[in-house]
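Trainee: Pasting in a structure now, in structure tokens, and then I'll have a few things to ask.
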Amino acid sequence: MELLSDFLLSVWLTKPVWMWLAFITIVIVLLVLDLGVLHKGHREIETKESLLLSAFYITLGVAFGAWVWWALGAEAGMNYLTGFAVEKALAMDNVFVIAMIFSFFAVPRKYQHRVLFWGIIGVIVLRAIMIGVGAAVVSQFSWVLSVFAVFLIATGVKMLVFKEGETDIATNPVLAFMRRRFNVTDSHHGEKFFVKLPDPRAPASGRTVWFMTPLFMALVLIEIADVIFAVDSVPAIFAITTDPFIVYTSNIFAILGLRALYFALAAMVHRFHYLKTALALVLIFIGSKVFAADLLGIDKVPPALSLAVTFGLLAGGVLYSLWKTRGQAGHMAGRAM
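For the sequence shown, the residue numbers in this note's numbering are 705 to 1041.
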């Protein structure tokens, strides 16, 4: 018992092991509850249900932030909530890309949750690797934070100045590689990612080979999309805090609700058009405050100010978007949000 107690109280990545185990347990329980109980069968997820689930995940994420505030202090709590808000806003872009991928592959709505579930599993692993590497690099080379800051400012300016062109999934190089190197089928086979079909190279032999289905190709493109979005989100959260626990937990709690967020907002993502402008300003602010602290001769910009500015900009972007797009019909065009 004493050995177990010592293990749980030992420090790993700046925090006691029990904190990490508690967080991992919460994530596992949520995933099991999601797939094993709430969505055990294959069915379409209605908008009302997705809105309730999205509200649940947001509430849970904020509640975890309140616990962080209580257990680790006000600064850690404010950094977590700032990171959670930024990650949630960045997820909006992901929602649009996911909708385009599902539309391109004509994925039936009743199977979309399965793809998103396994997509989230992949995201949890990929973000852990990227954040772990990022934390190791930042701890050894503090100047990397300045590189992150410059990158965030440049990304924010680019989002404000340059209009994104149309996205043509058919020309995606990853999709082209899969079609060139593997057996793929354009027909859906229920919930299956892989299916055995007659060998096209020897149709008379009766031999069967494995084929990738559109469901699996959609999953691969969604995972690739998350890696691309992580290029923005990981530097953003490290510019807010370098605490690996805060960085990872705020990321994962924001991502856990992505499935519910997708089903709630995919048909009305056009209503949040101006959120992208607000997000660009947030990235510029987060990047700039790294240099502002040096210019002002202070250790860091107060977390309370960072939290207030971030929430103010994002809330303003959402409210202005909803007001400007009132009465507009939903559409899914092949352009970025």
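The C-beta atom is built at its ideal place from N, Cα and C for all residues, glycine as well.
Keep in mind it's a predicted model, so treat the numbers as computed, not measured.
(1) Return helix, strand or coil for Thr981, following the three-state DSSP convention.
(2) Among Phe967, Val951, Arg818, whose alpha-carbon lies nearest the alpha-carbon of Lys896?
(3) Check whether the stretch 947-963 and the stretch 714-727 touch, using three or more Cβ-Cβ pairs below 8 Å as the test.
(4) Can you tell me the Cα-Cα spacing of Tyr1024 and Gly1016, whole angstroms?
(5) Along the chain, which unbroken stretches of the alpha helix (DSSP H) at least 4 residues long are found entirely within the stretch 887-947?
(6) Using only CA atoms, which one of Ala839, Phe760, Phe788 lies nearest to Asp947?
(7) Between Asp903 and chain D, is the shortest Cβ-Cβ distance under 8 Å, so that the two count as touching?
(8) Is Pro720 helix, strand or coil by DSSP?
(9) Whole angstroms is fine: what's the gap from Val801's alpha carbon to Ala929's?
(10) For Trp716, which residues of its own chain have a beta-carbon under 8 Å away from its beta-carbon, when the five flanking residues on both sides are left out?
(11) Compute the beta-carbon to beta-carbon distance between Val854 and Gly991, rounded to the nearest angstrom, for a pair I have assumed lies under 8 Å.
(12) Just to confirm, are Phe809 and Met921 a CB contact at a threshold of 8 Å?
(13) Below 8 Å, how does it come out for the stretch 750-762 and the stretch 955-965: are there three or more Cβ pairs, yes or no?
(14) Got a sec, what are the start and stop residues for the alpha helix (DSSP H) Leu737 sits in?
(15) Just to confirm before moving on: does the CB-CB distance between Ile959 and Asn783 stay below 8 Å?
(16) So the alpha helix (DSSP H) Asn798 belongs to, where does it begin and stop?
(17) Just to confirm the assignment, what range does the alpha helix (DSSP H) spanning Met705 have?
(18) Which value, in whole angstroms, describes the spacing of the CA atoms of Thr1029 and Arg975?
(19) Relative to the C-alpha of Val1078, which candidate in Ile857, Phe898, Phe957 has its C-alpha closest?
(20) What residue range does the alpha helix (DSSP H) around Val878 cover?
(21) I'd like to confirm the pairing. Which residues does DSSP put opposite Val715 in its beta bridges?
(22) Round the Cβ separation of Phe768 and Phe915 to the nearest angstrom and send it over; I've been treating them as touching at under 8 Å.
(23) Give me the Cα-Cα distance between Val1013 and Thr981, rounded to the nearest whole angstrom.
(24) Thinking C-beta only, is Ile825 closer than 8 Å to Val938?
(25) Short of 6 Å in beta carbon distance, which residues of its chain neighbour Arg831, apart from the five on each side in sequence? Order them along the chain.
(26) In this structure, how does DSSP classify Gly765 when only helix, strand and coil are distinguished?
(27) Give me, in chain order, the residues of the same chain whose beta-carbon lies closer than 6 Å to that of Leu969; leave out the 5 immediate sequence neighbours on both sides.
Mentor: Here's the rundown:
(1) Correct three-state label for Thr981: helix.
(2) Arg818
(3) yes
(4) 12 Å
(5) 918-944
(6) Here the closest residue by C-alpha is Ala839.
(7) Of the protein chains in the structure, only one exists, and it is not chain D.
(8) strand
(9) 8 Å
(10) Trp724
(11) Confirmed, Cβ separation roughly 7 Å.
(12) yes
(13) yes
(14) Run containing Leu737: none; DSSP gives neither H nor E here.
(15) no
(16) Per DSSP, Asn798 belongs to the alpha helix (DSSP H) from 778-809.
(17) First-last for Met705: undefined, no H or E at that position.
(18) Across the structure, Thr1029 and Arg975 are spaced so that their CA atoms are roughly 6 Å apart.
(19) A query on residue 1078 cannot be resolved here, the shown segment of the chain reaching from 705 to 1041 and no further.
(20) 877-885
(21) Paired residue(s): Pro720.
(22) The Cβ separation is near 42 Å, so there is no contact.
(23) 14 Å
(24) Taking 8 Å as the Cβ cut-off, Val938 and Ile825 do not qualify as a contacting pair.
(25) Asn955
(26) helix
(27) Val799
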